[in-house]
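Shown next, in structure tokens, is the structure this report addresses.
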Amino acid sequence: MTQQTHPYSIELEGISKRFGAVQANKNIDLQVPTGTIHGIIGENGAGKSTLMSIIYGFYEADSGSISIDGQQVAIRNSQDAINVGIGMVHQHFMLVENFSVLENVILGAEGGAVLKQGMDAAREELKRLEQEYSLDIDVDAIVEDLPVGLQQRVEILKALYRGAKILILDEPTGVLTPQEADHLFRILKSLKEQGVTVILITHKLREILASTDNVSVMRQGEMVAHRETSKTDKEELAELMVGKKVRLKVNKDEAKPEQTVLSAKDLSFFDGQGVERLKKVSLELKAGEILGIAGVSGNGQSELLNVLSGITPMASGEIQFAGQTITASEPKNAAQMRDLKMAHVPEDRHKMGLVTGFEAYEAAVLGYHDSEAYNGSVLMKRSAMLEECNERMAAWDVRPPNPHLKTANFSGGNQQKIVIAREVEQNPNVLLIGQPTRGVDIGAIENIHEQIVKLRDAGKAILLVSVELDEIMALSDRIIVMFDGAVVGEVSANEADERTLGLMMANAWNEGQGAQA
Amino acid sequence: MFETLILILDATLRVSTPLILAALAGLFSERSGIVDIGLEGKMLAGAFAAAAAAAVFGSAWIGLLFAIAASVSLALIHGFACITHRGDHIVSGVAINTIVAGLTVTLGLDWFDQGGQTPSLTGDARFTPITFPFADQLADVPVIGLIYSELLSGHNILVYLAFAMVPLTYWIVFKTRFGLRLRAVGENPHAVDTAGISVALVRYRAVIICGILCGLAGAYLSTAHNAGFLKDMSAGKGYMALAALIFGKWRPVPVLCACLLFGFLDALAVRLQGVSLPGIGEVPVQAIEVLPYVLTVLLLAGFIGKAVGPKAIGKPYVKERA
Numbered sequence: 036m037t038q039q040t041h042p043y044s045i046e047l048e049g050i051s052k053r054f055g056a057v058q059a060n061k062n063i064d065l066q067v068p069t070g071t072i073h074g075i076i077g078e079n080g081a082g083k084s085t086l087m088s089i090i091y092g093f094y095e096a097d098s099g100s101i102s103i104d105g106q107q108v109a110i111r112n113s114q115d116a117i118n119v120g121i122g123m124v125h126q127h128f129m130l131v132e133n134f135s136v137l138e139n140v141i142l143g144a145e146g147g148a149v150l151k152q153g154m155d156a157a158r159e160e161l162k163r164l165e166q167e168y169s170l171d172i173d174v175d176a177i178v179e180d181l182p183v184g185l186q187q188r189v190e191i192l193k194a195l196y197r198g199a200k201i202l203i204l205d206e207p208t209g210v211l212t213p214q215e216a217d218h219l220f221r222i223l224k225s226l227k228e229q230g231v232t233v234i235l236i237t238h239k240l241r242e243i244l245a246s247t248d249n250v251s252v253m254r255q256g257e258m259v260a261h262r263e264t265s266k267t268d269k270e271e272l273a274e275l276m277v278g279k280k281v282r283l284k285v286n287k288d289e290a291k292p293e294q295t296v297l298s299a300k301d302l303s304f305f306d307g308q309g310v311e312r313l314k315k316v317s318l319e320l321k322a323g324e325i326l327g328i329a330g331v332s333g334n335g336q337s338e339l340l341n342v343l344s345g346i347t348p349m350a351s352g353e354i355q356f357a358g359q360t361i362t363a364s365e366p367k368n369a370a371q372m373r374d375l376k377m378a379h380v381p382e383d384r385h386k387m388g389l390v391t392g393f394e395a396y397e398a399a400v401l402g403y404h405d406s407e408a409y410n411g412s413v414l415m416k417r418s419a420m421l422e423e424c425n426e427r428m429a430a431w432d433v434r435p436p437n438p439h440l441k442t443a444n445f446s447g448g449n450q451q452k453i454v455i456a457r458e459v460e461q462n463p464n465v466l467l468i469g470q471p472t473r474g475v476d477i478g479a480i481e482n483i484h485e486q487i488v489k490l491r492d493a494g495k496a497i498l499l500v501s502v503e504l505d506e507i508m509a510l511s512d513r514i515i516v517m518f519d520g521a522v523v524g525e526v527s528a529n530e531a532d533e534r535t536l537g538l539m540m541a542n543a544w545n546e547g548q549g550a551q552a
Numbered sequence: 485m486f487e488t489l490i491l492i493l494d495a496t497l498r499v500s501t502p503l504i505l506a507a508l509a510g511l512f513s514e515r516s517g518i519v520d521i522g523l524e525g526k527m528l529a530g531a532f533a534a535a536a537a538a539a540v541f542g543s544a545w546i547g548l549l550f551a552i553a554a555s556v557s558l559a560l561i562h563g564f565a566c567i568t569h570r571g572d573h574i575v576s577g578v579a580i581n582t583i584v585a586g587l588t589v590t591l592g593l594d595w596f597d598q599g600g601q602t603p604s605l606t607g608d609a610r611f612t613p614i615t616f617p618f619a620d621q622l623a624d625v626p627v628i629g630l631i632y633s634e635l636l637s638g639h640n641i642l643v644y645l646a647f648a649m650v651p652l653t654y655w656i657v658f659k660t661r662f663g664l665r666l667r668a669v670g671e672n673p674h675a676v677d678t679a680g681i682s683v684a685l686v687r688y689r690a691v692i693i694c695g696i697l698c699g700l701a702g703a704y705l706s707t708a709h710n711a712g713f714l715k716d717m718s719a720g721k722g723y724m725a726l727a728a729l730i731f732g733k734w735r736p737v738p739v740l741c742a743c744l745l746f747g748f749l750d751a752l753a754v755r756l757q758g759v760s761l762p763g764i765g766e767v768p769v770q771a772i773e774v775l776p777y778v779l780t781v782l783l784l785a786g787f788i789g790k791a792v793g794p795k796a797i798g799k800p801y802v803k804e805r806a
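This is the structure in structure tokens:
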């Protein structure tokens, strides 16, 4: 289309953006060579998403300039960005779920007031694009029926259909199985071969190293380094990201599992629509071990946590715990499970772990609010709650250490510390912990991981659910893989490797042969 | 017997007309994600404006324009509250209903001094029945003649317009660019925004269309179905339309069927008043009048399955801060 000779397809100069007191982007410079895959890494809150939102016209920068193919452009809204050839695949897909693929793709680029003509033309064009990049999508399928990997390809297709020459992907692999992620990277590579410039935002070092040509590192709103990917390594990038040397491994000794403290047999659960979400799940949890549950999100892990913790009643099966037998006809609710010394850090701290409108000291007693320590004869003992909250904030390094701050105003990592501290400080025998480090920055991840291991070494039993395979592998002593509501495999941590686990997560693992799906 | 049936069906069409218009109005609004409990109020305001203007200017058409203007103004207020200021849709809708219920009577008293009513409309100030060609000649032909001359012919223009609006709405919602964006914005406004389309603009257009249709429904009530405005003459039809909209799962043709069913029950109720049924005897008027409402509750409660509306309905659109 254009002369296609300018060395940089996108150049940023001195981009700054401030939200109130927070300087989200500070004087950012970036040059992305045309036809390359460019990685941008940084911790949560480093300003990556803000920067990309500026490029895509969601926010306007306070200062600085953006040039596309050497031409300075003004991008005030998404339409401007689309017009200069920028396409974006958001972390949370921007798709209308009950629309067909075709309808989603043409939305905003319908080609005329009546759909028929534009749709026919689009169908042809999509067929071409789909073959050219081997996207493998049925354009008449309804989006909500497609697996996430395919939904993501619809997003890519949307961008390509609008003639995107620059494709930005924000944390694209968070929801994908390793195999789907591999497929994505193959697609990105073929895009690159066709001259498309790809910007990949992620916090996963492995992906950066495996797929990019160049990488830029952001830290606290600033661009701190640019590297050629071939001339750097995991350790250097990690160090640049956090600004200090980090361990990528969790330091822990061999587990010394003791007696079984919780055993579940044939647990089943049906959701409101009558879909079987848990299919005869059995597991045993021993004192002094961390049992990791791996799986792509939505394969029954959440339901398992809810059933074990007493939040939702099981349909059938039984749980043996603390000398009690819990069945569908003799259920125990969440409060009763807590009394039996089972603590639960829910997967979604905003929905289930905290009341975000509460002040920190109030949130820090949720679930234990009836305990004598916090209650006088009529009123709650506010000073006792505050005192304890202060102590915990000091012990867990919660910042800012202000018990009166609303929990909504803490960063993700600090919110999570408040929740975990609340559960762990009750000295439970079993800790169920879901996505302990989702949306948590690297410094806090390390801290949280250490605490989990410490708890294990104190002889407690820990059930860890996480969609981050790295986390499961680093922490667990034993790993169970769930797929479609059922346990599809169990491996000990020493034997586990990512390929095996990934295949199990996609239910493509046949023991003995290990065939690729 | 056959003639009675035709007469009931004929009445059904008349009674259904405002329901159809209001339900389609709600369809546009709710498909865009804006809950509209204010159909009732907009219809009532339309009815008052139509009757008042028709009385003053002596023309039903001028009345119609005023009805649309009044209803669209209210729709824009609702839009301003819900779209621009992200207010609660229900509160805004209820406020509109309450204001209109009081304001129409107050203005009526002040302007016309007839106890809140508008003067009786005659001649050109009303929409009169349109007689199809040869309707009178064919009236005596068995079966077909009756259907043609009684059922199809002899309604006013707004009745035909209401029925024509159903395929038109279907076409707009499912076959045009505007319709695609309308449906998208009610399902996932973020997707619309990132596609470079203004969410607010699509929603404003939807509420304006909603206002126009409610205006038509209101004008029908006061200048076609009746000959003047009466206090609270919309009598819950806006809520019935909303029920029909949900019953019809936000799709034009099922919504039409729901409106016709409600209209039929209404017509039947009128017909059955004072009639002695075999084996039952005379049914009290009140019991018959309550029938459509009881049926609505029963149908909504159990017989139509889960009505899943547009996903983003009632939720203000806020660009998320990443």
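Just so you know, the protein sequences line up as chains P and S, in that order. Position 231 of the first sequence, counted from 1, bears residue number 266 in our numbering, the numbering being contiguous throughout. Position 190 of the second sequence, counted from 1, bears residue number 674 in our numbering, the numbering being contiguous throughout. A virtual CB, placed ideally from N, CA and C, is assigned to each residue, including glycine. Values in this document were obtained by computation on a predicted structure and should not be read as measured data.
Cα atoms of P:A116 and S:N672: separation of roughly 20 Å, rounded to the nearest angstrom.
Among the CB atoms of chain S, none fall inside 7 Å of the CB of P:V516. By the Cβ neighbour-count rule, P:N286 is exposed, with fewer than 16 other Cβ atoms within 10 Å of its own.
Residues of chain P with a Cβ closer than 9 Å to the Cβ of S:V676 are, in chain order, M129, V131, L142, G143. A distance of 7 Å or more separates the beta carbons of P:I455 and P:L499. In the structure shown, S:G586 adopts helical secondary structure according to DSSP, grouped into three states. Exclusion of the five residues before and after S:I490 leaves L630, I631, E634, L635 as the residues of its chain whose Cβ lies within less than 8 Å of its Cβ.
In the DSSP assignment, the residues bridged to P:A299 are P:L318, P:I354. What P:Q114 touches in chain S, judged by beta-carbon distance under 7 Å, is G680, going in chain order.
The beta-carbon separation of P:E206 and P:I236, rounded to 6 Å, stays under the 8 Å limit for a contact. Between S:L523 and S:G542, the C-beta spacing is not below 7 Å. Of the candidates S:L761, S:A708, S:E487, S:A708 places its Cα closest to the Cα of S:S604.
Beta-bridge partners of P:H127 (DSSP): none assigned. In the DSSP assignment, P:M540 falls outside any beta strand (DSSP E) and within the unbroken alpha helix (DSSP H) covering 533-540. For P:T208 and P:V131, the gap between their C-alpha atoms comes out near 20 Å.
Residue state for S:S516 is assigned as coil, using DSSP reduced to three classes. Bounds of any alpha helix (DSSP H) do not take in P:T208, whose DSSP letter is neither H nor E.
The stretch 384-400 of chain P and the stretch 354-368 of chain P do not touch, with fewer than three beta-carbon pairs separated by less than 8 Å.
Of the other Cβ atoms in all chains shown, 16 or more fall within 10 Å of the Cβ of S:N640; this residue is therefore buried. Looking at P:G537, P:K52, P:I90, P:G447, the one whose alpha-carbon comes closest to that of P:A329 is P:G537.
The contact set of S:R661 on chain P, defined by CB atoms closer than 8 Å, consists of E145, G147, A148, V149, L150, G153 in chain order. Residue pairing by DSSP places P:L499 opposite P:G327, P:I468 in a beta bridge. Neighbours of P:I117 in chain S, taken as residues whose beta carbon is under 7 Å from its own, are G680 in chain order.
Per DSSP, P:M428 is one residue of the alpha helix (DSSP H) stretching across 417-430. What S:L685 touches in chain P, judged by beta-carbon distance under 8 Å, is nothing: the nearest beta carbon there is about 12 Å away.
Chain-order list of chain S residues neighbouring P:M258: empty, with the shortest C-beta distance near 17 Å, by a criterion of under 8 Å. Contact between P:D64 and P:L86 is ruled out by a C-beta separation of about 11 Å, above the 8 Å threshold. Annotation for S:G600: V589, G592, L593, K715 place their beta carbon closer than 7 Å to its own, counting only its chain and skipping 5 residues before and after. Cβ contact annotation for S:L587 (same chain, cutoff 6 Å, sequence separation greater than five): none.
Taking the beta carbon of P:E525 as reference, no residue of chain S falls within 8 Å; the closest one sits roughly 38 Å away. Contact of S:E671 with chain P by beta-carbon distance below 8 Å involves V131, E132, N133, F134. Within chain S, the C-beta atoms nearer than 7 Å to that of P:F93 come from K803, in chain order. Within the stretch 199-225 of chain P, the residues whose Cβ lies closer than 9 Å to some Cβ of chain S are D205, listed in chain order.
Runs of the beta strand (DSSP E) spanning 3 or more residues and lying entirely within the stretch 197-265 of chain P occur at 201-205, 232-237, 249-254, 257-263, in chain order. One Cα belongs to P:V149, the other to S:S682, and the distance between them is close to 19 Å.
Bridge partners of P:I515 according to DSSP: P:I328, P:E525.
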